[in-house]
Amino acid sequence: MSTREVLHVPLGDRAYDIVVGSGLLGCAGELIGPVLNRPRVVVVTDRTVAGLYLETLQAAFDTAGISHDTIVLPPGEQTKDFQHFEELLDRLLDMGLERSDMVIALGGGVIGDLTGFAASVLHRGIDFIQIPTTLLAQVDSSVGGKTGIDTRHGKNLIGAFHQPRLVLADTDILATLPRRELLAGYAEVVKYGLLGDHALFEWLEVHGSAVVAGDPDAIRRAVLTSCAAKARVVAADEKEAGERALLNLGHTFGHALEVASGFGADLLHGEAVAIGMVMAFGLSVRLGHCSRQDAGRIRQHFKAVGLPAHPRDLGLAEQDAGVLVEHMAQDKKVQDGRVTFVLARAIGDAFLTRDVEPAAVRDYLSQMLSQPSDAA
Numbered sequence: 026m027s028t029r030e031v032l033h034v035p036l037g038d039r040a041y042d043i044v045v046g047s048g049l050l051g052c053a054g055e056l057i058g059p060v061l062n063r064p065r066v067v068v069v070t071d072r073t074v075a076g077l078y079l080e081t082l083q084a085a086f087d088t089a090g091i092s093h094d095t096i097v098l099p100p101g102e103q104t105k106d107f108q109h110f111e112e113l114l115d116r117l118l119d120m121g122l123e124r125s126d127m128v129i130a131l132g133g134g135v136i137g138d139l140t141g142f143a144a145s146v147l148h149r150g151i152d153f154i155q156i157p158t159t160l161l162a163q164v165d166s167s168v169g170g171k172t173g174i175d176t177r178h179g180k181n182l183i184g185a186f187h188q189p190r191l192v193l194a195d196t197d198i199l200a201t202l203p204r205r206e207l208l209a210g211y212a213e214v215v216k217y218g219l220l221g222d223h224a225l226f227e228w229l230e231v232h233g234s235a236v237v238a239g240d241p242d243a244i245r246r247a248v249l250t251s252c253a254a255k256a257r258v259v260a261a262d263e264k265e266a267g268e269r270a271l272l273n274l275g276h277t278f279g280h281a282l283e284v285a286s287g288f289g290a291d292l293l294h295g296e297a298v299a300i301g302m303v304m305a306f307g308l309s310v311r312l313g314h315c316s317r318q319d320a321g322r323i324r325q326h327f328k329a330v331g332l333p334a335h336p337r338d339l340g341l342a343e344q345d346a347g348v349l350v351e352h353m354a355q356d357k358k359v360q361d362g363r364v365t366f367v368l369a370r371a372i373g374d375a376f377l378t379r380d381v382e383p384a385a386v387r388d389y390l391s392q393m394l395s396q397p398s399d400a401a
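The numbering of the sequence shown is this note's numbering, which starts it at 26 and goes up by one.
Following this line, the structure appears as structure tokens:
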């Protein structure tokens, strides 16, 4: 049986619903049918997700009388590159996809970002739907219309804003996620508390262990609260002209770590963001914006649930502060040669600034990376 709640993202003619609940995959045809121009879809997924959920989704389409084709790609961040982007576009064109057809991204952030970007340029823009299968994708990357691929210069530097027509977040799917993947997604949930919702962070301090243990009620609340927060921000600032940039808390540092580690499996995106948020609060302390107590409280919470707070927690090779700063200089949010940092005055009170000197960042990182995790 399906239980669901609907959140609306009000963006005029680009508005859409986020449906959150259990049992959604089995009735996906019923939910997707109303937004189709004709009863035909192409599902893009990866091998891992296909083995778990593709059959259920296909059966739902058969029940609803929706014709469907499937493209299965390799799993992993390395798939989010030009080679697989070109391959995906070629295969979609080989299938004779028309401008009025629908593409469905069934997977985590990699599949969602890659598929959304392909949809944004195919026939100069076709519709797509997100069916996120990881906690990270359900609470963050599937909502808001950011799509893209990675290059050797950095993460998500090539892409487009392209809003989905619908997001289906089936929380039952999360029951099959490994704990490490749940933890990676949980970092993005914490982000919403740290950047603007102190009460959420306090709730997570009590109930976070239940979320990462897979408790259905705790996960449902985490997904709903996170999606509602992101929907509010996206509705106010769709293309990141101002407030939406706050959602990048931890990401400037985290993306630099991902580039330095080669986008490998040793560092998941959510783990990089967790470490990045510790760095953002640590730099905020160093610059006199935030109390040491708040920064320590975040590290303590990450340690309690099992998230990394330092590259050393994951056994990563020694990081070079200068190299990380160079990677940050390639960040999408650089303006007039200045990196836009998301820093904090307190838990729940983040702000944007371009007034941080690279030397100050390098000095902080040099000290932080040379210390044990609990002293970062």
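For glycine and all other residues, C-beta sits at the position ideal for the given N, C-alpha and C.
Counted within 10 angstroms of its Cβ, other Cβ atoms place residue i as buried (16 or more) or exposed
{"i": "Ser47", "result": "buried"}
{"i": "Lys216", "result": "buried"}
{"i": "Leu326", "result": "Per the sequence shown, residue 326 should be read as His rather than Leu. Buried, since its Cβ has 16 or more Cβ neighbours within 10 Å."}
{"i": "Lys171", "result": "buried"}
{"i": "Phe153", "result": "buried"}
{"i": "Glu123", "result": "exposed"}
{"i": "Leu77", "result": "exposed"}
{"i": "Gln108", "result": "exposed"}
{"i": "Phe86", "result": "buried"}
{"i": "Glu227", "result": "exposed"}
{"i": "Glu283", "result": "buried"}
{"i": "Gly267", "result": "exposed"}
{"i": "Lys264", "result": "exposed"}
{"i": "Ala256", "result": "buried"}
{"i": "Val34", "result": "buried"}
{"i": "Asp38", "result": "exposed"}
{"i": "Ser92", "result": "exposed"}
Per-residue DSSP class, three states only, for residue i
{"i": "Lys180", "result": "strand"}
{"i": "His335", "result": "coil"}
{"i": "Ser251", "result": "helix"}
{"i": "His276", "result": "helix"}
{"i": "Val381", "result": "coil"}
{"i": "His314", "result": "coil"}
{"i": "Leu50", "result": "helix"}
{"i": "Pro189", "result": "coil"}
{"i": "Leu368", "result": "strand"}
{"i": "Ile154", "result": "strand"}
{"i": "Asp195", "result": "strand"}
{"i": "Glu343", "result": "coil"}
{"i": "Asp319", "result": "helix"}
{"i": "Asp175", "result": "strand"}
{"i": "Asp242", "result": "helix"}
{"i": "Leu229", "result": "helix"}
{"i": "Asp38", "result": "helix"}
For residue i, the nearest candidate out of the options (CA to CA)
{"i": "Leu368", "options": "Leu293, Leu292 and Ala270", "result": "Ala270"}
{"i": "Gly307", "options": "Gly340, Ala256, Asp165 and Ser391", "result": "Ser391"}
{"i": "Ile174", "options": "Thr140, Thr88 and Asp197", "result": "Thr140"}
{"i": "Val364", "options": "Ala329, Leu349 and Arg317", "result": "Leu349"}
{"i": "Gly210", "options": "Asp222, His223 and Thr196", "result": "Thr196"}
{"i": "Asn181", "options": "His314, Met353, Val258 and Ser395", "result": "Met353"}
{"i": "Ser166", "options": "Thr176, Asp319, Arg177 and Pro189", "result": "Pro189"}
{"i": "Tyr389", "options": "Leu339, Arg311, Gly295 and Leu293", "result": "Arg311"}
Nearest-angstrom beta carbon gap, residue j and residue i [assumed within contact, 8 angstroms]
{"i": "Ile129", "j": "Val68", "result": "5 angstroms"}
{"i": "Cys252", "j": "Val45", "result": "6 angstroms"}
{"i": "Gly218", "j": "Gly373", "result": "7 angstroms"}
{"i": "Phe288", "j": "Gln103", "result": "6 angstroms"}
{"i": "Val214", "j": "Leu229", "result": "7 angstroms"}
{"i": "Ala330", "j": "Gly184", "result": "It should be noted that the sequence gives Val, not Ala, for residue 330. Not a contact, Cβ separation roughly 31 angstroms."}
{"i": "Leu341", "j": "Leu292", "result": "6 angstroms"}
{"i": "Ala212", "j": "Leu332", "result": "6 angstroms"}
- Query: At what residue ranges does the segment 58–145 contain a whole run of the beta strand (DSSP E), taking only runs of 3 or more?
  - Reply: Taking only runs of at least 3 residues, the beta strand (DSSP E) segments lying wholly in the segment 58–145 are 65–71, 92–98 and 127–132.
- 4-residue-minimum alpha helix (DSSP H) runs that sit fully inside the segment 199–227, ordered along the chain: Within the segment 199–227, complete alpha helix (DSSP H) segments of at least 4 residues are found at 204–221, given in chain order.
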